[in-house]
Structure formats: C-alpha cells, structure tokens
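Residue numbers (my numbering), protein chains in the order written: chain S, 1 to 738; chain R, 739 to 817.
Even for Gly, the Cβ is constructed at its ideal location relative to N, Cα and C.
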Amino acid sequence: MSAIALAPRFTARQALVLLAGNPNSGKSTVFNALSGARTRVANYPGVTIDRRSATVALSADTSIELTDLPGTYSLAARSREEQIAVESLLGHGPRRPDVILIVADATALARALYLTIEILEIGSPVVIALNMTDEARSAGIDVDVARLEALTGACVVPTVANKGIGTNALRAAISEALARPVAPERPEVVRPAALVTDLAELEAVILGERVMERPQDARVWAQWLLLSLEHEGDELQNIPAPIRAAVHRISERAAKSGRNLDLEIIGGRYQLVDQLMKEVCRVPQAPRRSWTDRVDAVLTHKLGGALAFALVMMIVFQALFSWSEPAISLIEDTVAWSQSWITRLMAAGPLTDLIVNGVIAGVGNVLVFVPQIALLFLFIGLLEDLGYLARAAFVIDRVMRAVGLHGRAFVPMLSGFSCAVPAVMATRTLESRTDRLLTMLVLPLTSCSARLPVYVLVTATVFAPGSRLGFLSAGAVALFAMYALSVVAALTAAAVLRRTVLKGPAPTLVLELPPYRLPVMSVLLRGVWQRVRTFLIDAGTVILALTIVMWALLSYPKDPAVTAEAEAARAAVAASGASADEREARLSAIDSHENGAQLRSSIAGRVGRVFEPVIAPLGFDWRIGIGILGAFAAREVFVGTLGVVFDISGADETNEPLREVLRRATWPNGAPLMTPLAGISLMVFFVLACQCMSTVAIVKRESGGWRWPLFMIGYMTVLAYSASLLVYQVGSRLGWGL
Amino acid sequence: MNASPTRRLLARIPVGSTAVVSRVSGARPVVRRLLEMGLVPGTPVTVHREAPLGDPVELRVRNYALSIRRADALGIEVE
C-alpha cells in the first residue's frame, strides 16, 4: 500500500469522540457547550433514535467529530436501538471511537461510575466530565479528582456545564487523550473463577466467528452478550447463531448450578465502584435535607401531589388546546391568503388547482402541526429538565399500571386529546420500545380536537335545540359520552394489546427521580427545534404527498358535462340584467352546485357509492361515505367535504344551511338519513376510526416502518366499524332514536 | 427457608427505615435493571416515601432517588 495514496484520507479524517452518560447528568448541556450551534441530527439506520453530532474545534488546526449517544445507565441492550448505540461504543460500528467522553453527575457518582467502569473495560481512551461539581460541593460531597484519575486512568475534568465552567479544560483533555491513544492501566474488576471460565469459553466461540481487532474486544463483547441476550424474544440482531447458542448454553449451565451471571458481572463491577468510592469520594454522614426533598414533600404528597399534578397537566393541556390557537390561525390564514393569491395570479386549470388545493394545502397541513409540536416539546423539555416529569410519572404510575402502561405515558396520552401527532412524538420520553409502541398505537383513540367540529355538526343536526335527557341537553350528554367512550376505548385497547400483540417481558417502572434543577434555555430551545425539524422533514413529506393524493381522489375525473352546464349557467347570469348582488349570489350557487357535482363524480364519489352497501348497516349513505373519505386528510375536513357533497361550499360546523340540508336528507326510500341514532353511530365511528393521515405518517416515522401504522389502521377500522354497526343495528331493532 | 423469620422484604419495611439488600429476585429484565441501578447485595437502601396512591415507592440508594413499584420491591430481600 502506498502511504501517499492514503495520506489525504488520513489527514482529512477527524477523530471521533463519543459522548456517553446517565440520563439527567447534563449530557446535552455538555454537548451544546462543546458544539456551539453546528449540530447535525440524523437517524441511526433502521431505527428511530436521533443521532446528534457536531464538529468541535479543539484548537486552531484540529477538530473532532462529537457524537451524542442516548442517555443510559448501562451498556446492556434490550432493544435494537440500544444495540446500535452500544455497538458504536464497542467499536462494532463503522468506526471505533478515538476517545469516549463520559458525563458523570458528581452528586450521584456511584451510579455514574458503574457506566464508567463498563466503558473503561472497552479499552478506548476515556475523558470524564465530572459535572455539577457546584451542586456536589454545596451538598457536602467531596471528590478527589487526582485520585480518580490515578485509579481509572482517565482524564477527569470538573465541570459545571450549565454555567459553561470547564468547557475549555474538556477540550484540552480531549486533545491530550487523542495525543496518547494507548489505553493506560485500568482498574481490574474482580470476577469469580467460574465466571472467568465461562467468559473464556464464550470468547473462544466469538473469536471463531469474528475477527477481533484487539485482544480485549472478545472479553468486552462476551460480557455484553451475557447481559443482553435473552433465551428468546430479545430484539437484538446480527448475532451469529453459534454465539447465541454458546450464550444460551453457558447461562443454562450457570442457572443449573444456582449461579446468577447477571449478578456476578454487575456485582463485580459494583464491588469496584464501592472500592473507588471509598478512595475518591466523601459523602457527608448526616446530609442536610436538600431543597429537592423539601419540594418533593409537597409535590409528591398525598393531597398536594395530586393537586400539583392536576394543575401542571391542566396548564399543559390548556397550552396545547388554546395557546397554540393564534399561531394555528395565522398559519391557516396565510395558507388561505396564498391560495387565493395564486388563484388570482394564475389561469384557472388543473395546474393551478394542483398548486392551490394540492401543494399549498399540503404545506399548510404540515405547518399547522408545528405550534402544537413546539409547545408540547417545550413543556416536556421544561418539565423534564426541571425534574418534574419523573415526579409526574411517580404520582400517576399506579393509575397507568392498571392498563399496562408506564407512568411516563400519561403526558402523551393527555396530549392526544389535543392532537395525536405531537402526542405520538412525545412517546419518545418512554424508555422501552414496547411501551412506546403500545402508547402510540392507542393514542389515536383519544378524542382529539379535530373531532370536535364533527361532534358539533352532528349533535346540532340531530338533536333539536330543546331536547333534553333529564335536566341535561341531549347534545351535551352525547358529547360527554363520546369523550368517555374514547377514554374507555384507549385504555381497553392498551390492556388488550399488552396481553396480545405486544406481549413481552412484564413492563415495569425503574425511574430515577433527579434533583430539581433549573433548565438551560438554549439547550431546551434547541431540543424543541430539533423535534420540529425532524417532523417537518420526515413526517411532513409524507403528509404533503398524501394531501396531493387526497386532492386527486376528490377532484378527478372531472365530468365535462357538469363543467359545460356550469359554464352555460354562468353565461346566462352574466347576460341577465340582474343587480350585481344578485348575480354574485347566483354565481356562488352555481359554483357550489358544480363543486358538488364534480365531487360526486370523482373517484372518491364513486368509491363512496360502491361502498354504500358496506356502510349502510352503520346508518351512513354514500354521501356520508364521501365525507368520511375526505376526513382522512384531517377529521375536521369531514364537515367541509360533506358541505360540498350537499352543494354547500365553504361550510363549517356552525353552518345552519348545512344542518338544515342534512336534517332534510333522506334515503332513496324517503326515510330520513340523519336520525339521532345515525348521528350517534357516526360520532362513535369518528371516535374509533383511524382517519387521520398525519397520525399515520407520524406513527410510521416513530415506529420506523409501515408495519405498525398499517396494523393501527386495521385494528381501529375493525373497532370503529363493529361499534357503529352494533350501535345502529341494536338501536334500530329497539326503535331508539329513529 | 421461606418461613425464616429473618427474611424481610423491601416492600414491607416501613417508610423511613433503612436496610441492607441481601438478595434480588424476580423477572430477569427487572432484576438486571435493579442491579444495574446499584441495588446489589450489600447495598444500604432507605424507603424514603411512597407515591400519593401508595405505589410506587421512592428509595434512596447510593446517594440518589430511585422509584420502583411495590411489586418489584417484593423481589428485594433485605436484612
């Protein structure tokens, strides 16, 4: 090999530094402090965890590639996501890291040292950012930095990342670690003789299957495999079968002789942690009561805790529901304004129609979610960084457990009542993939705000203003019943899915309650922006494409006879001597009629007719069927689409002519269409059906493929159809609300 | 052995008291996670408080606060 040919690649190659650390250790703050504003967010291939990286200048002429790993307490992997993150640390990824930077919370050093020892075993040069040293000092915790360096062989830099203290020293330490890349002496973990024999056996199998770069690599991988692999049902991939078999054999044998390999490996590491702690860390014997503890005395108190929880959640919900409204209106107005601007600017025709009703409407459909996503992640970030999100999970876990959900699933579920799209994104706060999937699959059953216009239109149509059930108005009772149904449906679905499709190891709650801390605004806002950006790029493109497809289905093919008839009618109006006002009125009636006729002859219109026999048993005719198809763009679009079908353009849920026309609508045999029973059946359908393409797009993004969103559409459609069928058929037989 | 009067479970000791972990048992993923979080035999642990609905409980272990469900605390023997 010629050294000259290789030279450019090597000089251009930046050293790779991986950033690891426990959750709540200030890892993101360290990352931001080092990287400044130049962050790139990408996905690990095939999975949905974000991979943040940045180029960090260490000095005038050297820079490194800094990559942030997900926060973790240990390297053992339960999911494919964790495996991929860990493999990059172990050096099985595309590149072995040149340095591993660990952020350790000085106030919880013992726990951080467990991860540190695991990483030290890998044998790459390590730099430890001993973070939150200010907090540790005021709690009376004293860490001997020089001793810690001597015992671990790592560079240790005390930092207070949220105040920017220690950042330069960290850069210097990384440079130094890069300059002497030979791993220095490490502390040895003491292992029982039986474990050493087991490891040697597994190492031999590993070396027979894979070529290892360094002698210690097989040992590191052997321990990781013993801790991570399950006999069956783990999600880890690309593990050669002979290695799996060896792991299985070794752990079976250990279990038979009454040994616990997990305990031997983890316990051995903790023995070393204890030894290190004894030498480097002094914790006060009788610590003063921390202010976190005083605050918790209120926030997790039996009564105070429940009240505080309710208050915080009400604020979050209020923000999503109301505070996002001005921004949403602004986006909607801007979209409407640009649509009418383009319409005036360009000649009428299919291209203009595509731009106005396909592309611009699609961009609007994407942007309209941004305010709620930004607000939700602002609140989640704020509560997480403050430390309250963990307390909220602590307070509500007992309730969530009853349906097989995690305490942390509460915030996403609550957000679902506003909009499922940000709520599905919020499932990222859950640790286990099964918990995340379960939560996002049942979330769309919570009654989001886009269903409200449908309920309002239907209740106002089918219940006369004075109709009452006892002292309550019938409409209010129906509305309440829909919300109750959505809660019951979501919780039941969670319980059922947990016992069937998403069976697995019993989910549990092992949750750190971090000290209350002030968030760093720049870190928080960057996190929010990254979420919004991910949404725009990954889900936005799908939503845009689906909007255009929906537009085409609802617009084509055009019936030339209808167009010609409308043109003739317009010409007649122009030729008539009517006043300007009257001409205006007649023209808009012609437009409405034309729009209605075209929609009825479009693909969606034909599909509605073809499917009428399928939906008739639910009490819906083909015109309602077209509305339901249109609602796939977004549920509230049902109202407008139904309006067009009935020749009323631009209707909203408070439109009295639309209600009137619906009340008068009949089946071909003259029976009224919108009976109270049909209305209830329709609302039940809207509660349970997966009608929102944006939800489908975001579930595809967050679950990493089409499998789960398709499953979701399937089970929700079956559920909605059966429930509406039951309501309408049983109701009809009993003669209710006809 | 189960009837041994010295067998105490973390889930049963009163709030505010401290004991030393002697054994952790249960489903493997839970046990492994508890061990990783530092609840290895020989570690002192305090039951600091319980959630408003009585479950989960907040533990103090290795100078930090860890919350686990009572069902999982049943697998932790202390002395």
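Per-residue burial, residue i [other beta carbons within 10 Å of its own, 16 or more giving buried]
{"i": "GLU656/S", "result": "exposed"}
{"i": "THR654/S", "result": "exposed"}
{"i": "VAL395/S", "result": "buried"}
{"i": "MET712/S", "result": "buried"}
{"i": "LYS700/S", "result": "buried"}
{"i": "LYS503/S", "result": "exposed"}
{"i": "MET683/S", "result": "buried"}
{"i": "ASN669/S", "result": "exposed"}
{"i": "ILE360/S", "result": "buried"}
{"i": "LEU351/S", "result": "exposed"}
{"i": "ILE64/S", "result": "buried"}
{"i": "PRO782/R", "result": "exposed"}
{"i": "SER228/S", "result": "buried"}
{"i": "ARG9/S", "result": "Model confidence at ARG9/S stands at a pLDDT of 36, short of 50, so the residue's coordinates are unreliable and nothing is read from them."}
{"i": "PRO94/S", "result": "exposed"}
{"i": "HIS406/S", "result": "buried"}
{"i": "LYS27/S", "result": "buried"}
Check whether residue i and residue j have beta carbons under 8 Å apart
{"i": "LEU178/S", "j": "VAL99/S", "result": "yes"}
{"i": "LEU812/R", "j": "LEU747/R", "result": "yes"}
{"i": "PRO422/S", "j": "LEU376/S", "result": "yes"}
{"i": "ALA597/S", "j": "GLY630/S", "result": "no"}
{"i": "LEU115/S", "j": "ASN22/S", "result": "yes"}
{"i": "PRO790/R", "j": "THR300/S", "result": "yes"}
{"i": "VAL273/S", "j": "ILE122/S", "result": "no"}
{"i": "ALA20/S", "j": "LEU69/S", "result": "yes"}
{"i": "LEU58/S", "j": "ILE141/S", "result": "no"}
{"i": "MET413/S", "j": "LEU443/S", "result": "yes"}
{"i": "VAL758/R", "j": "LEU777/R", "result": "no"}
{"i": "ALA106/S", "j": "THR72/S", "result": "no"}
{"i": "LEU677/S", "j": "GLY627/S", "result": "no"}
{"i": "ARG80/S", "j": "LEU225/S", "result": "no"}
{"i": "ALA426/S", "j": "SER415/S", "result": "yes"}
Where residue i meets chain B, residues with beta-carbon distance less than 9 Å
{"i": "ARG398/S", "result": "No chain B is part of this structure, whose protein chains are labelled S and R."}
Secondary structure of residue i, DSSP reduced to three states
{"i": "ILE396/S", "result": "helix"}
{"i": "SER53/S", "result": "strand"}
{"i": "GLU796/R", "result": "strand"}
{"i": "VAL520/S", "result": "coil"}
{"i": "ALA347/S", "result": "coil"}
{"i": "ASN357/S", "result": "helix"}
{"i": "THR152/S", "result": "helix"}
{"i": "ASN669/S", "result": "coil"}
{"i": "THR446/S", "result": "coil"}
{"i": "ARG750/R", "result": "helix"}
{"i": "ALA15/S", "result": "strand"}
{"i": "VAL510/S", "result": "strand"}
{"i": "SER138/S", "result": "helix"}
{"i": "GLU815/R", "result": "strand"}
{"i": "ASN131/S", "result": "strand"}
{"i": "ARG38/S", "result": "coil"}
{"i": "SER694/S", "result": "helix"}
{"i": "ARG244/S", "result": "helix"}
{"i": "VAL157/S", "result": "strand"}
{"i": "GLY21/S", "result": "strand"}
Inside the region 560–641 of chain S only - alpha helix (DSSP H) runs reaching at least 4 residues: Counting whole runs of 4 or more residues, the region 560–641 of chain S contains the alpha helix (DSSP H) stretches 560–575, 580–601, 603–610, 612–615, 622–630.
Short-range partners of chain S found in the region 780–807 of chain R, where Cβ spacing is below 9 Å: Within the region 780–807 of chain R, the residues whose Cβ lies closer than 9 Å to some Cβ of chain S are GLY780, THR781, HIS786, ARG787, GLU788, ALA789, PRO790, LEU791, GLY792, ASP793, PRO794, GLU796, VAL799, ARG800, ASN801, TYR802, ALA803, LEU804, SER805, ILE806, ARG807, listed in chain order.
Against chain S: residues of the region 743–766 of chain R by CB proximity under 8 Å: Residues passing the 8 Å Cβ filter: VAL762, ALA765, ARG766.
Chain R contacts made by the region 290–314 of chain S, where a contact means CB separation under 9 Å: Under the 9 Å Cβ criterion, the region 290–314 of chain S contributes THR292, ASP293, ASP296, ALA297, THR300, HIS301, LYS302, LEU303, GLY304, GLY305, ALA306, PHE309.
Chain-ordered residues of the region 251–263 of chain S with a beta carbon less than 9 Å from chain R: Within the region 251–263 of chain S, the residues whose Cβ lies closer than 9 Å to some Cβ of chain R are ASN260, ASP262, LEU263, listed in chain order.
Selection of the region 696–727 of chain S by Cβ proximity to chain R, strictly under 9 Å: So nothing in the stretch comes that close.
Chain R contacts from the region 60–84 of chain S (Cβ-Cβ distance under 9 Å): Within the region 60–84 of chain S, the residues whose Cβ lies closer than 9 Å to some Cβ of chain R are TYR73, SER74, ALA76, ARG78, listed in chain order.
Segments of 4+ residues assigned as alpha helix (DSSP H) that fall wholly inside the region 752–805 of chain R: Inside the region 752–805 of chain R, DSSP marks whole alpha helix (DSSP H) runs of 4 or more residues at positions 766–774, from first to last along the chain.
Residues in the region 440–465 of chain S having any Cβ partner in chain R nearer than 9 Å: Only those residues of the region 440–465 of chain S whose C-beta falls short of 9 Å from the nearest C-beta of chain R would be listed, and there are none.
Sequence ranges, beta strand (DSSP E) only - wholly within the region 303–349 of chain S, length at least 3: Within the region 303–349 of chain S, no run of beta strand (DSSP E) reaches 3 residues while sitting entirely inside it.
Residues of the region 517–544 of chain S whose Cβ lies closer than 7 Å to any Cβ of chain R, in chain order: Hits within the stretch: zero.
Proximal residues, the region 768–779 of chain R versus chain S, C-beta separation under 8 Å: Taking 8 Å as the Cβ-Cβ cut-off, the region 768–779 of chain R approaches chain S at VAL768, VAL769, ARG770, ARG771, LEU772, LEU773, GLU774, MET775, GLY776, VAL778, PRO779, given in chain order.
Those runs of the alpha helix (DSSP H) which lie wholly inside the region 49–105 of chain S and span at least 4 residues: You should have 80–90.
Members of the region 397–424 of chain S near chain R, C-beta cut-off 9 Å: Those would be ASP397, ARG398, VAL399, ARG401, GLY407, in chain order.
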